[in-house]
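Here the structure comes first, spelled out in structure tokens, and everything after it is commentary.
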Amino acid sequence: MRRFFREGAVVNWPNTNESFTVEEFIRANCEYPGNWAGEIERVERLGELIITAVRVFPRGGGASFHSVSFIRLDGDMISSVDEYWGDDGQPPEWRRALSLGRELVPAGEDPERGG
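Under numbering that gives the first Met the number 0, residue 114 is the last one in the sequence shown; the count climbs by one each step, no gaps.
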């Protein structure tokens, strides 16, 4: 993974107010407890910025999360990443009590036909 990063690149996790060197970022991910997998749900490119949305989940089931990453390129190398994490789950009770919103329909499914 380190071969994709420019020397001096940083990875920021604003949710927890942390900034990592590439080596620290790799170590944090390698030493994270459990056996995890991920699915890339979306990728957008705006010039030198790549934006990804990824669902991360434990192999064998359990709580899942979503990560949105803003990947800044310098030429063909990554110079920085700002990565935001959120827990997947039910809307909070106060919003359910107000009957706001509806469930998202996964891409490719027709809500009129039930899937």
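We put the CB at the ideal spot given by N, CA and C, even for glycine.
Residue environment: Glu17 is assigned as exposed (fewer than 16 neighbouring CB atoms within 10 Å of its CB, all protein chains considered).
For Glu6 and Ala27, the gap between their C-alpha atoms comes out near 18 Å. Within 10 angstroms of the beta-carbon of Ala8 lie 16 or more other beta-carbons, which makes it buried.
With respect to the 7 Å criterion, Arg54 and Ser63 are classified as neighbours on the basis of their beta carbons. Counted as a single uninterrupted DSSP element, the stretch harbouring Val9 is not any alpha helix (DSSP H) but the beta strand (DSSP E) occupying residues 4–12.
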